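Have a look at the structure below, then the notes.
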Amino acid sequence: MHRGEAGISALNLRLQERLNPGREGIPEARAGGRVYRPGDRVLQLRNDYEFQIFNGDLGTVQRIDPIAQELTLLLDDGHMLRYPFANLFALTHEYAISVHKAQGAEFPAVVLPLLTNHAMMLGRTLLYTGLTRARRLVVLVGQPKALCLAVRDWRRDPRHTGLDGLLLDTLRFTWPQGTIGLGGTANDTDALAWEGLLGSPLGGEG
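Reminder that position 115 of the sequence shown reads as 1140 in my numbering, one-by-one numbering, no gaps.
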């Protein structure tokens, strides 16, 4: 989660202070309440076709030019680009990122905070996705109860489907013959065919 003392925003701030603090004589760029320094790990938040950088791209700040009002980014795919200060609203730090943003990426090691105040997000799928981002090492930091909640998938509602019946050929389903025309309008025959499947008659309230 982004909010809270163990949220992504707070972790990024504290990790940057520890791993890449400000140094006298080294230029910085400021935007959106964040400070960017050479050596910072960063994450792109949206697609930018003009500069060929896309949502989820990861990289490292190489240089900052306060005169040209731009910083030089080296993306993890080897692509180098000059990133204008005016676009920094679409950039954030990447010392800590969400599991959602990490999907599709791999890292040598992953530290995964698990806290009960993140309960609304805790689930088996999210935990599995976070664990599998690591190639060699995973460290879980937090509360055992939070891990139990995630493994139990405590918020997931049971799903009731007829899939097993269809696979075992004990349930049959016949789609009605009536169809809605290409123009998007329905005639009387269509309405009778679809009625009941959509929860209310076509054109009715509900």
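Cβ coordinates follow ideal geometry from the N, Cα and C atoms, glycine included.
Note that this is a predicted model, so its numbers are computed, not measured.
How many angstroms separate the CA atom of residue i from the CA atom of residue j?
{"i": "residue 1035", "j": "residue 1026", "result": "10 Å"}
{"i": "residue 1094", "j": "residue 1059", "result": "16 Å"}
{"i": "residue 1088", "j": "residue 1141", "result": "40 Å"}
{"i": "residue 1159", "j": "residue 1166", "result": "15 Å"}
{"i": "residue 1063", "j": "residue 1151", "result": "32 Å"}
{"i": "residue 1038", "j": "residue 1055", "result": "13 Å"}
{"i": "residue 1120", "j": "residue 1191", "result": "47 Å"}
{"i": "residue 1047", "j": "residue 1065", "result": "11 Å"}
{"i": "residue 1072", "j": "residue 1052", "result": "27 Å"}
{"i": "residue 1146", "j": "residue 1092", "result": "43 Å"}
{"i": "residue 1128", "j": "residue 1163", "result": "16 Å"}
{"i": "residue 1028", "j": "residue 1157", "result": "24 Å"}
{"i": "residue 1050", "j": "residue 1153", "result": "44 Å"}
{"i": "residue 1115", "j": "residue 1133", "result": "26 Å"}
What are the start and end residues of the alpha helix (DSSP H) that includes residue i?
{"i": "residue 1057", "result": "Taken as a continuous stretch (DSSP letters only), residue 1057 belongs to no alpha helix (DSSP H), as it is neither H nor E."}
{"i": "residue 1127", "result": "1124 to 1127"}
{"i": "residue 1175", "result": "1169 to 1177"}
Do residue j and residue i count as a contact pair if the criterion is CB distance below 8 Å?
{"i": "residue 1096", "j": "residue 1061", "result": "yes"}
{"i": "residue 1040", "j": "residue 1117", "result": "no"}
{"i": "residue 1143", "j": "residue 1171", "result": "yes"}
{"i": "residue 1148", "j": "residue 1175", "result": "yes"}
{"i": "residue 1155", "j": "residue 1124", "result": "yes"}
{"i": "residue 1044", "j": "residue 1068", "result": "no"}
{"i": "residue 1057", "j": "residue 1113", "result": "yes"}
{"i": "residue 1108", "j": "residue 1098", "result": "yes"}
{"i": "residue 1187", "j": "residue 1196", "result": "yes"}
In three-state DSSP terms, what is residue i?
{"i": "residue 1208", "result": "Low per-residue confidence applies at residue 1208: pLDDT is 49, beneath 50, and the placement is therefore not dependable, though the value from the model is reported in the following sentence. Looking at residue 1208 - three-state DSSP - the assignment turns out to be coil, as it is neither helix nor strand."}
{"i": "residue 1157", "result": "coil"}
{"i": "residue 1143", "result": "helix"}
{"i": "residue 1042", "result": "helix"}
{"i": "residue 1134", "result": "strand"}
{"i": "residue 1195", "result": "coil"}
Hey, could you find the ends of the beta strand (DSSP E) residue i is sitting in?
{"i": "residue 1085", "result": "1083 to 1090"}
{"i": "residue 1191", "result": "Note, residue 1191: premise wrong, no beta strand (DSSP E); alpha helix (DSSP H) at 1188 to 1192."}
{"i": "residue 1105", "result": "1105 to 1109"}
{"i": "residue 1117", "result": "1116 to 1118"}
{"i": "residue 1066", "result": "1066 to 1069"}
{"i": "residue 1095", "result": "1095 to 1100"}
Whose CA, out of the options, lies closest to the CA of residue i?
{"i": "residue 1032", "options": "1138, 1145 and 1132", "result": "1138"}
{"i": "residue 1103", "options": "1133, 1132, 1078 and 1126", "result": "1078"}
{"i": "residue 1135", "options": "1169, 1052, 1146 and 1161", "result": "1161"}
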